[in-house]
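Have a look at the structure below, then the notes.
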Amino acid sequence: MPELPEVETIARGLAKRVAGDVIESVWLGSKPEPFKSSPSEIAATLQSKKISDVRRAGKHIVFELAFPNGSAHQAHQWIVHLGMTGSLLVCPPEGEVTKHTHAIVKLSSGRELRFVDPRRFGRLSVIENFEAPGAEPLAIKFEDFARLFYGRKTPIKSALLNQKLLSGVGNIYADEALFRAGVRPRRRVATLNRDELRRLHGSLKRVLREAIQLGGSSVSDYVDVNGDEGFFQLKHRVYGREGKPCLVCRTPIKRVVIAGRSSHYCPKCQK
DNA sequence: ACTATGTCCTGCGAGC
DNA sequence: TGCTCGCAGGACATAG
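Here the first sequence is numbered in our numbering, starting from 302 and rising by one per residue.
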């Protein structure tokens with residue numbers, strides 16, 4: 302499931318491969334539409350625009366669009382959210398169009414950008430000035446991080462997943478950051494002391510940076526723009542390891558459900 | 001203003 | 001072997 306490191310990997314791959322390219326035509330398929338903006342608005346906005354840059358904002362991929370005639374002002378952004386199983390692939394046009402392909406963007410270089418999403422939780426939209434709702438986890442300073450959680454009663458796991466607080470953290474990296482910080486996922490936010498918050502702030506950044514370096518975690522269907530898998534799943538210490546021995550103390554890893562999400566932790570290492 | 005829970009969607013794997 | 005069933009979860013709606 303694409304979270305911040307996977308989306309970052311995809312955005313970097315796209316920036317490398319399609320930045321500077323011009324959109325020649327747009328095909329949008331599917332009956333119940335996985336689109337936040339109307340298909341006609343998306344197609345009209347993308348048509349004949351140059352992709353000047355591709356970047357990540359939270360879990361969103363942001364395509365910066367420009368007028369190919371060199372007009373200085375920005376001409377909207379194309380926003381792609383991959384949901385759980387969405388992928389953006391750069392394909393040669395003769396490549397077979399697989400099941401669950403919901404959008405095909407033809408580029409003037411001859412390549413195609415395809416949005417494929419079996420579970421259809423992904424969303425496409427166009428907007429003028431996109432801003433992710435929450436703070437950027439890799440940039441946030443400790444004092445701002447601590448302030449996000451001030452006075453909240455919800456479990457820390459839920460707070461980490463709340464995109465209005467932090468933009469980009471999902472189930473895997475929330476569990477991994479909490480393990481590295483030695484904090485149990487069920488702990489109520491307001492009960493975390495300053496030292497615990499400091500450890501969490503640091504471990505979250507470290508785990509996200511390390512995952513980006515390894516190209517993200519390939520569990521479920523995640524692949525990058527070239528169809529390659531990431532390697533951070535090999536570094537998971539708790540996620541998906543229920544019943545297996547903790548890599549630090551050998552205690553079996555526990556799994557509980559918090560906010561409808563499976564949450565993994567070591568009952569000895571995490572307090 | 002928060003917090004908690006249900007819903008969407010499809011593929012896959014466990015279990016019989 | 002072949003079937004059914006339940007689970008996976010990001011974001012949003014709705015209820016409390």
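Glycine residues also receive a C-beta, built at the ideal position from the N, C-alpha and C atoms.
Keep in mind the model is a prediction, meaning the values are calculated, not measured.
The C-alpha of Arg453 is placed about 49 Å away from the C-alpha of Gly371.
Between Pro553 and the set Glu307, Ala358, Gln571, Phe368, the nearest pair of CA atoms involves Gln571. Beta-bridge partners assigned by DSSP to Arg357: Ile362. In the DSSP assignment, His502 falls within the alpha helix (DSSP H) that extends over 495-514. Note that the segment 442-453 does not touch the segment 395-408; fewer than 3 beta-carbon pairs, one per stretch, sit closer than 8 Å.
Bounds of any beta strand (DSSP E) do not take in Thr346; it lies within the alpha helix (DSSP H) bounded by 340-347. Secondary structure note for Glu413: it is in no alpha helix (DSSP H), and the uninterrupted beta strand (DSSP E) holding it is 413-417. With contacts defined by Cβ atoms closer than 8 Å, Ile559 and Ser459 form a contacting pair. Here the alpha carbon of Glu437 sits roughly 27 Å from the alpha carbon of Val391. The DSSP-derived three-state label of Lys351 is strand. The beta carbon of Arg318 sits closer than 7 Å to the beta carbons of Val391, Val526 from its chain, once the five residues preceding and following it are set aside; these are given in chain order.
When the beta-carbon positions are compared, Glu325 and Leu425 stay at least 8 Å from each other. Excluding the 5 residues flanking it on each side, Thr346 has same chain C-beta neighbours closer than 6 Å at His377, Val427, in chain order.
Checking the DSSP bridge columns, you'll see Val327 partnered with Val406. Beta-carbon to beta-carbon, Lys465 and Gly435 are separated by about 5 Å, close enough to satisfy the 8 Å threshold.
By the criterion of a C-beta distance shorter than 8 Å, Asp445 is surrounded in its chain by Ala436, once the five residues flanking it on both sides are discounted.
Listed as beta-bridge partners of Pro546 by DSSP are Pro553. In the three-state reduction of the DSSP assignment, Ile457 falls in the helix class, which pools H, G and I. The beta-carbon distance between Met302 and Tyr523, rounded to whole angstroms, is 7 Å. This is short enough to meet the 8 Å contact definition. With respect to Leu383, Val308 sits close: the two C-beta atoms are nearer than 8 Å. Residues Phe480, Leu548 of the same chain have their beta carbon placed closer than 6 Å to that of Arg538, with the five preceding and five following residues left out of the count. Measuring C-alpha to C-alpha distances from Pro486 to each of Asp496, Leu462, Arg507, Gly469 identifies Leu462 as the nearest. Per DSSP, Val427 lies in no alpha helix (DSSP H); the unbroken beta strand (DSSP E) holding it starts and ends at 424-428.
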